[in-house]
Amino acid sequence: MFAPGTVLLHDNLAPQGQNLLFTAPREVLVAYDSAAARAALRRLSAAAGQGLWAAGYLAYELGFLFEERLAPRLPEYSETPLLWFGLYDAPRRPDRAETDALLAGAGQGLATDIEPRLDFDTYRRAFERVKSLIAAGDTYQVNLTLKADFRLHGDPLGLYRVLAQSQPTAYGAYIHAGDHHVLSRSPELFVSGTDGLLKARPMKGTLKRGRTRAEDEAGRLALARDEKNRAENLMIVDLLRNDLGRIAETGSVRVTDLFSVETYRSLHTMTSGIEARTRPGIGMHALLENLFPCGSITGAPKLRAMEIIHEVEAGPRGLYTGSIGYIAPNGDFAFNVAIRTAIIDSAGRGEIGIGGGIVADSLAADEYQEALLKLRFLADPAPPVTLIETFKWTPEQGFALRDRHLDRLIDSAAYFALPVTREQAHAYLDDRARDWTGPMRVRLTLAETGLDLSAVPLPPSPEKFRFAIAAEKLDSTSLWLAHKTTNRAFYDEPRQRAHDAHGLDEVVFRNERGELTEGSFTNLFLQRDGRLLTPALASGLLPGTLRAELLASGRAEERVLTLADLARAEAIFLGNSVRGLVPAEWVRNQDHD
Numbered sequence: 001m002f003a004p005g006t007v008l009l010h011d012n013l014a015p016q017g018q019n020l021l022f023t024a025p026r027e028v029l030v031a032y033d034s035a036a037a038r039a040a041l042r043r044l045s046a047a048a049g050q051g052l053w054a055a056g057y058l059a060y061e062l063g064f065l066f067e068e069r070l071a072p073r074l075p076e077y078s079e080t081p082l083l084w085f086g087l088y089d090a091p092r093r094p095d096r097a098e099t100d101a102l103l104a105g106a107g108q109g110l111a112t113d114i115e116p117r118l119d120f121d122t123y124r125r126a127f128e129r130v131k132s133l134i135a136a137g138d139t140y141q142v143n144l145t146l147k148a149d150f151r152l153h154g155d156p157l158g159l160y161r162v163l164a165q166s167q168p169t170a171y172g173a174y175i176h177a178g179d180h181h182v183l184s185r186s187p188e189l190f191v192s193g194t195d196g197l198l199k200a201r202p203m204k205g206t207l208k209r210g211r212t213r214a215e216d217e218a219g220r221l222a223l224a225r226d227e228k229n230r231a232e233n234l235m236i237v238d239l240l241r242n243d244l245g246r247i248a249e250t251g252s253v254r255v256t257d258l259f260s261v262e263t264y265r266s267l268h269t270m271t272s273g274i275e276a277r278t279r280p281g282i283g284m285h286a287l288l289e290n291l292f293p294c295g296s297i298t299g300a301p302k303l304r305a306m307e308i309i310h311e312v313e314a315g316p317r318g319l320y321t322g323s324i325g326y327i328a329p330n331g332d333f334a335f336n337v338a339i340r341t342a343i344i345d346s347a348g349r350g351e352i353g354i355g356g357g358i359v360a361d362s363l364a365a366d367e368y369q370e371a372l373l374k375l376r377f378l379a380d381p382a383p384p385v386t387l388i389e390t391f392k393w394t395p396e397q398g399f400a401l402r403d404r405h406l407d408r409l410i411d412s413a414a415y416f417a418l419p420v421t422r423e424q425a426h427a428y429l430d431d432r433a434r435d436w437t438g439p440m441r442v443r444l445t446l447a448e449t450g451l452d453l454s455a456v457p458l459p460p461s462p463e464k465f466r467f468a469i470a471a472e473k474l475d476s477t478s479l480w481l482a483h484k485t486t487n488r489a490f491y492d493e494p495r496q497r498a499h500d501a502h503g504l505d506e507v508v509f510r511n512e513r514g515e516l517t518e519g520s521f522t523n524l525f526l527q528r529d530g531r532l533l534t535p536a537l538a539s540g541l542l543p544g545t546l547r548a549e550l551l552a553s554g555r556a557e558e559r560v561l562t563l564a565d566l567a568r569a570e571a572i573f574l575g576n577s578v579r580g581l582v583p584a585e586w587v588r589n590q591d592h593d
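Okay, so the sequence shown: first residue is 1 according to full-length UniProt numbering, each after it adds one.
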């Protein structure tokens, strides 16, 4: 869909993110050796004076050109480009909706057969060498990486679309370089310059997100206070301050914020902000000589860390941990750190880099597993999130349990950074209900595009639900059990099979410990000694609104429940806010153990 030479620089994190689309290059600069790279850098500097924009990428090994000690390590001829840039007239600036529409036109794309190039034993040998050099005082920190190979099935732009939906970031990029494609979902700014003001925002220190907003806040606070992550982050901040100081006006380098925590779809990361003002006469070549590559992906001291990386890593990094960005004719620019970045050749062979920072107390097994986990965004991208709330509406009572439904919706919307306020949701519901005259079953959804609603006449509640125990076990730690979304296949498919095979209305799930959790569209309640018992949230289940109401009123209480409790129950009920509390019959001979 995108022609060769197209570059999309893509921010789908901020609601009004800046996107730049470069097409039809007047000239393409590609370099595979040091002489061609130097010539291309000179051409980049000259292009601005001709009113041309430049957009493309710099490979990590290009940094060897800028250090006398490293230059001999650059191969005579690189297998992949040391740099690739197109020179363009002014880019288009599509907004989010237009960019989404452009990406929607791509075909399907999928990454398969993802295999790391190093097994653990090979990785451990490199890791132990790094640890020995740290212990000897040669270095404080080294960013140790490895590559993974994969196969592309389908359209590379389609794969990029899926990754962009799964991982919104501010510094994404897609490049059709003719014989290869670049797909980057980097969250990290290397450096930008506007009217001589330089900004850098290194990332160092990450933590997996919690399942709920409360867990998230606890995690953010823990990361912000973690001394190990703060020490690593400060080490890189000092490195970048030193790099910027070589090209900045005296006294202009300053840290704008330290140890801030930013939240992305799957993790929290610690970042710090640094600013400086360039000295007069400092051009792009001088900027790169002094700053590239970014210290957050080398280690400290930077030069020694790069020597160690060259010694211990299995091969060149190529584009991975290099940089992707643009240069405007007026001298403004912005470049990312090319992490979470894949490159795919014309035969559909892809590679991607993964890794992390090694310090004195790092453990090889932990670092290797953490690196492999970083492949999940490519191997198993999360689907776009659409929240859902299902209401009962009657002319007499309006929306049943409206506040509890909206509490859950707003809480999940904040977790997933979806655009809505309680006032907007209230007004939207009231407006859509204006013309209803009879009882309705109402389905409210919230996605990045906003609120949507459908409504049908309310069906009568059944006198009884017949259910069996599902064979499938729910993971009590799953994110999708904490938020009601349209990602419901793991609920719906077992119920549909039970209905088709045995005429059942519902299935009830257990978790990995054998504890009862919930039905596919109902919460479970067992009556014992005149009290209603319902599975505890810790067992892994959706916090239903009827359940919350019964708990708050004192009519029900939480317990860890098992099949033995189910067998001893005086009565069984399944319920939700639309159907209410409905008597239920356990059809034991249809269980799927």
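Ideal Cβ placement from N, Cα and C applies to all residues, glycine included. Just so you know, these numbers come straight off a predicted model, no measurement behind them.
Is residue i helix, strand or coil when you go by DSSP?
i	result
residue 210	coil
residue 362	coil
residue 321	coil
residue 566	helix
residue 134	helix
residue 496	helix
residue 380	coil
residue 50	coil
residue 57	strand
residue 312	helix
residue 2	coil
residue 297	helix
residue 538	helix
residue 156	helix
residue 480	helix
residue 141	strand
residue 72	helix
I think residue i touches residue j, with their Cβ atoms under 8 Å apart; what is that distance to the nearest whole Å?
i	j	result
residue 265	residue 253	No, residue 265 and residue 253 are not in contact; Cβ-Cβ is about 32 Å, not under 8 Å.
residue 180	residue 344	6 Å
residue 81	residue 47	Between residue 47 and residue 81 the Cβ distance is about 17 Å, and since that is not below 8 Å, they are no contact.
residue 445	residue 486	7 Å
residue 113	residue 69	Their Cβ separation, rounded to whole angstroms, is 39 Å, which puts residue 113 and residue 69 out of contact at 8 Å.
residue 129	residue 261	About 32 Å; that fails the 8 Å criterion.
residue 74	residue 45	Not a contact, Cβ separation roughly 21 Å.
residue 337	residue 296	6 Å
residue 526	residue 569	4 Å
residue 524	residue 508	6 Å
Relative to the C-alpha of residue i, which residue among the options is closest?
i	options	result
residue 498	588, 201 and 177	588
residue 401	335, 555, 151 and 578	578
residue 354	363, 365, 341 and 346	341
residue 285	42, 233 and 376	42
residue 156	129, 167, 121 and 110	110
residue 483	414, 204, 509 and 565	414
residue 196	403, 279 and 205	279
residue 440	54, 331, 460 and 321	460
residue 359	267, 455, 149 and 205	205
residue 407	572, 95, 423 and 503	423
residue 247	283, 268 and 234	283
residue 94	16, 368, 238 and 447	16
residue 7	267, 147, 184 and 121	184
residue 514	565, 251 and 298	565
residue 547	529, 574 and 316	574
residue 201	234, 331, 307 and 310	234
residue 597	453, 418 and 449	Summary: the structure shown does not reach residue 597, with the chain confined to residues 1 through 593, and so no result is reported for it.
residue 139	53, 301, 36 and 169	301
Could you name the residues that DSSP lists as bridge partners for residue i?
i	result
residue 27	87
residue 22	7
residue 523	575
residue 186	171
residue 506	467
residue 228	BP columns for residue 228 are empty, so no partner.
residue 180	345
residue 531	528
residue 355	145
residue 268	207 and 263
Please confirm if the segment 139-149 is in contact with the segment 174-193, defined as three or more CB-CB distances below 8 Å between the two stretches. These segments do not touch.
Can you find at least 3 beta carbon pairs, one from the segment 218-227 and one from the segment 160-167, that sit closer than 8 Å? Cβ pair count under 8 Å is below three, so no.
Kindly confirm or deny that the segment 58-70 and the segment 120-127 touch, where touching means at least three C-beta pairs closer than 8 Å. In short, these stretches do not touch, since the Cβ pair count stays below three.
Quick test of the definition: if touching needs 3 or more C-beta pairs under 8 Å, does the segment 8-25 touch the segment 73-92? They touch, by the three-pair rule.
The segment 523-535 in contact with the segment 558-567 per 3-pair CB rule at 8 Å: Yes: the two stretches touch, three or more of their Cβ pairs being nearer than 8 Å.
With contact counted as at least three CB pairs below 8 Å, one residue from each stretch, are the segment 472-480 and the segment 537-549 in contact? Judged by Cβ distances under 8 Å, the segment 472-480 makes contact with the segment 537-549, as three or more pairs qualify.
Determine contact between the segment 507-525 and the segment 461-473, defined as no fewer than three beta-carbon pairs at a distance below 8 Å. Segments in contact, yes.
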